[in-house]
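The next block holds one structure in the form of structure tokens; read it before the comments.
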Amino acid sequence: MRVHHIVPPYLLEHLERTADDPNLRARYRLSLQHDAVFRARSSATPSQDAAPFQDEGAGQGPRRVVHDAENGTSLPGTVVRAEGDPATTDLTVNQAYDGTGATWAMFQECFGRDSIDGAGLLLSSTVHFDRGYANAFWNGAQMVFGDGDGEIFGDFTRSIDVTGHELTHGVTQYTANLVYEGQSGALNESISDVFGSLAKQHHRGQSAADADWLIGADIFRPGVSGAALRSLKAPGTAYDDPRLGRDPQPAHMSGYVETTADHGGVHINSGIPNHAFYLVAMALGGNAYGDAGRIWYDTLTSGELSETATFIDFAQATLAAAETLFGADSPQVSAVSTAWTEVGVLQSDSSEPSQPSGSAESVELMRAAKTALSTATPPRPPASMPPTPDQPAEPAEPDPATADPDTPANPSHPETSASGSE
Ligand SMILES: [Zn+2]
47 MRVHHIVPPY
57 LLEHLERTAD
67 DPNLRARYRL
77 SLQHDAVFRA
87 RSSATPSQDA
97 APFQDEGAGQ
107 GPRRVVHDAE
117 NGTSLPGTVV
127 RAEGDPATTD
137 LTVNQAYDGT
147 GATWAMFQEC
157 FGRDSIDGAG
167 LLLSSTVHFD
177 RGYANAFWNG
187 AQMVFGDGDG
197 EIFGDFTRSI
207 DVTGHELTHG
217 VTQYTANLVY
227 EGQSGALNES
237 ISDVFGSLAK
247 QHHRGQSAAD
257 ADWLIGADIF
267 RPGVSGAALR
277 SLKAPGTAYD
287 DPRLGRDPQP
297 AHMSGYVETT
307 ADHGGVHINS
317 GIPNHAFYLV
327 AMALGGNAYG
337 DAGRIWYDTL
347 TSGELSETAT
357 FIDFAQATLA
367 AAETLFGADS
377 PQVSAVSTAW
387 TEVGVLQSDS
397 SEPSQPSGSA
407 ESVELMRAAK
417 TALSTATPPR
427 PPASMPPTPD
437 QPAEPAEPDP
447 ATADPDTPAN
457 PSHPETSASG
467 SE
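Taking the working numbering, the leading residue of the sequence shown gets 47, the next gets one more, and so forth.
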């Protein structure tokens with residue numbers, strides 16, 4: 047089982063390089079070393095650190111348990127709050143409890159999914175992991191939250207979308223199981239950002255138009271020049287800070303980053319499918335956890351998506367899901383088609399394929415998409431996929447009001463997390 051961290055390694059490496067304070071540098075180095083150890087251990091053996099309880103009693107609401115590592119590193123630690131227990135005096139414990147509950151509620155109430163495995167899996171969290179640990183992760187069986195280094199990152203339980211992001215890695219693990227490398231890895235990351243954001247939007251009852259579309263808006267410490275770790279609304283604008291560097295996410299295939307770092311840029315190129323989801327949600331209006339979320343959820347859980355799906359495979363699968371749900375001539379199908387065209391993953395018939403970044407493989411993929419769109423045949427059709435004779439051949443014109451990737455998501459980021467009421 048793979049360990050999924052919310053803060054990508056390149057960001058912690060940048061912090062370690064640029065920190066003046068040797069104590070801080072040591073904290074970042076330790077955080078990176080922890081992460082590397084977890085990665086090595088998780089690729090060698092299935093996780094044995096967690097899942098302390100077997101499951102029973104599904105269908106009765108969420109089942110949560112929060113542990114305290116008491117600044118140590120053994121997992122899961124001491125149980126400090128179980129399902130139904132009253133709030134404790136430790137805000138971090140309560141935030142972990144509430145964030146996992148909000149994520150459970152979003153999946154249950156919007157999509158009828160009972161927990162990560164769809165069968166009431168216990169939602170287990172550990173807080174106060176180590177000292178100054180600047181990350182949070184899902185290890186295949188539970189959530190783990192650091193308290194942050196205190197300079198750049200604070201308490202990682204503060205953002206519901208961070209908790210939702212990590213728990214969604216569990217949902218993906220139980221469903222499409224997208225391979226965490228290259229484009230399928232970036233899709234894995236993107237799905238976690240999408241449903242992480244939806245957990246927060248659902249918790250707040252926010253419409254797509256009112257949502258901030260940020261991941262981790264509440265985990266930066268005061269003084270950081272940035273709104274959040276990532277922005278689905280405007281990838282590439284989430285932060286720009288001398289200590290952190292600049293948000294490297296592209297919003298369009300023209301900015302696709304070919305790299306061997308970060309499992310092939312999984313935290314970088316996820317900006318492209320992230321922005322496609324944002325565009326769909328904005329085009330449809332209302333709540334993003336309504337039709338837009340349903341299309342993405344059905345795509346993730348259909349059983350028809352390849353574990354090594356490319357962006358084009360995924361785009362085609364969302365089109366197929368939208369057609370099944372709403373009909374071929376529906377505004378939902380039109381919105382999905384337009385969004386993937388706007389981010390350069392699919393091409394409208396009337397235009398030449400854009401060059402994603404010059405790689406032969408990418409060009410080949412673009413050609414495949416164009417062919418797929420014009421022949422109404424998905425590039426890799428699963429045997430069980432229903433016939434879809436009405437692939438939209440002429441996506442609508444991009445909407446300039448929602449298409450501008452340069453629009454800052456949150457230009458007036460409050461230095462203290464004013465938006466964080468959880
Ligand atoms: Zn992730």
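From the three backbone atoms N, C-alpha and C, an ideal C-beta is built for every residue, glycine too.
Distance cut-off 7 Å: residue i Cβ against heavy atoms of ligand 1
{"i": "SER376", "result": "no"}
{"i": "HIS215", "result": "yes"}
{"i": "SER238", "result": "yes"}
{"i": "GLU235", "result": "yes"}
{"i": "ILE206", "result": "no"}
{"i": "HIS298", "result": "no"}
{"i": "HIS211", "result": "yes"}
{"i": "ILE162", "result": "no"}
{"i": "HIS309", "result": "no"}
{"i": "ILE261", "result": "no"}
{"i": "ILE318", "result": "no"}
{"i": "ILE52", "result": "yes"}
Option nearest residue i by Cα separation, candidates the options
{"i": "TYR302", "options": "ARG289, SER316, ARG292", "result": "SER316"}
{"i": "GLY107", "options": "ILE314, GLY130, ASP344", "result": "GLY130"}
{"i": "GLN119", "options": "ALA165, VAL190, PRO54, VAL53", "result": "Note on identity: in this sequence residue 119 is Thr, with Gln being the wrong assignment. Of the listed residues, the one whose Cα sits closest to THR119 is VAL190."}
{"i": "SER271", "options": "THR306, PHE199, LEU244, THR209", "result": "PHE199"}
{"i": "THR481", "options": "ALA334, ALA366, ALA329, GLY331", "result": "Residue coverage of the chain in this structure runs from 47 to 468, which leaves residue 481 outside it and unanswerable."}
{"i": "ASP264", "options": "VAL83, GLN141, VAL111", "result": "GLN141"}
{"i": "SER161", "options": "GLY178, GLY123, GLN219, ASN181", "result": "GLN219"}
{"i": "ILE318", "options": "ALA297, LEU325, HIS309", "result": "ALA297"}
{"i": "ALA327", "options": "ASP144, SER243, HIS174, HIS113", "result": "SER243"}
{"i": "LEU58", "options": "ALA133, VAL208, GLY269, TYR179", "result": "TYR179"}
{"i": "TYR333", "options": "THR221, THR305, GLY251, TYR56", "result": "Note that residue 333 is Asn in the sequence shown, not Tyr. The residue with the shortest Cα to Cα distance from ASN333 is GLY251."}
{"i": "PRO132", "options": "HIS174, ASP144, MET299", "result": "ASP144"}
{"i": "GLY299", "options": "ILE314, LEU121, ARG73, PRO54", "result": "Sequence check: residue 299 is Met here, not Gly. Looking at the Cα atoms, ILE314 is the closest of the given residues."}
{"i": "ALA381", "options": "PHE360, ALA338, VAL173", "result": "ALA338"}
{"i": "GLY216", "options": "ALA232, LEU233, ASP195, SER238", "result": "SER238"}
{"i": "ARG177", "options": "ARG109, GLU116, GLN247", "result": "GLU116"}
{"i": "SER171", "options": "PHE202, ASP195, PRO122", "result": "PRO122"}
{"i": "VAL173", "options": "LEU78, LEU167, GLY166, ALA182", "result": "ALA182"}
{"i": "HIS51", "options": "ARG71, GLY166, GLY192", "result": "GLY192"}
Residue i burial status per 10 Å Cβ neighbour count (16 or more: buried)
{"i": "GLN100", "result": "For GLN100, the predicted model reports a pLDDT of 44, less than 50, meaning its position is unreliable; a value from the coordinates is still stated below. GLN100 comes out exposed."}
{"i": "THR138", "result": "buried"}
{"i": "GLY158", "result": "exposed"}
{"i": "GLU155", "result": "exposed"}
{"i": "GLN94", "result": "In this predicted model, GLN94 has a pLDDT of only 39, less than 50, meaning its place in the structure is not dependable; the value taken from the coordinates is given anyway. GLN94 comes out exposed."}
{"i": "GLU353", "result": "exposed"}
{"i": "GLY186", "result": "buried"}
{"i": "GLU407", "result": "With a pLDDT of 49 at GLU407, under the threshold of 50, the predicted position of this residue should be treated as unreliable, though the coordinate-derived value follows. Exposed."}
{"i": "GLN188", "result": "buried"}
{"i": "ARG289", "result": "buried"}
{"i": "ALA257", "result": "buried"}
{"i": "VAL379", "result": "buried"}
{"i": "ARG48", "result": "buried"}
{"i": "THR146", "result": "buried"}
{"i": "GLU388", "result": "buried"}
{"i": "ASN69", "result": "exposed"}
{"i": "HIS459", "result": "With a pLDDT of 38 at HIS459, under the threshold of 50, the predicted position of this residue should be treated as unreliable, though the coordinate-derived value follows. Buried is the call here."}
{"i": "PRO268", "result": "exposed"}
{"i": "ASP207", "result": "buried"}
{"i": "SER114", "result": "The residue asked about is misnamed: residue 114 is Asp in this sequence, not Ser. It is buried - the Cβ of ASP114 has at least 16 other Cβ atoms within 10 Å."}
{"i": "GLN393", "result": "buried"}
{"i": "GLN247", "result": "buried"}
{"i": "GLN229", "result": "buried"}
{"i": "LEU213", "result": "buried"}
CB contact below 8 Å: residue i versus chain C
{"i": "ARG340", "result": "The structure shown contains no chain C, having only a single protein chain."}
One or two residues paired with residue i in a DSSP bridge
{"i": "ARG292", "result": "ASP286"}
{"i": "THR124", "result": "ASP114"}
{"i": "SER277", "result": "LEU260"}
{"i": "HIS51", "result": "PHE183"}
{"i": "GLY272", "result": "TYR285"}
{"i": "PHE266", "result": "PHE199"}
> For the segment 167 to 201, which segments carrying the beta strand (DSSP E) assignment without a break, of at least 3 residues, lie completely within its bounds, in sequence order?
Replying inline: The segment 167 to 201 contains these whole beta strand (DSSP E) runs: 169 to 173, 182 to 184, 189 to 191.
>> At 4 residues or longer, what runs of the alpha helix (DSSP H) sit wholly inside the segment 215 to 247?
In response: Complete alpha helix (DSSP H) runs here, min 4: none at all.
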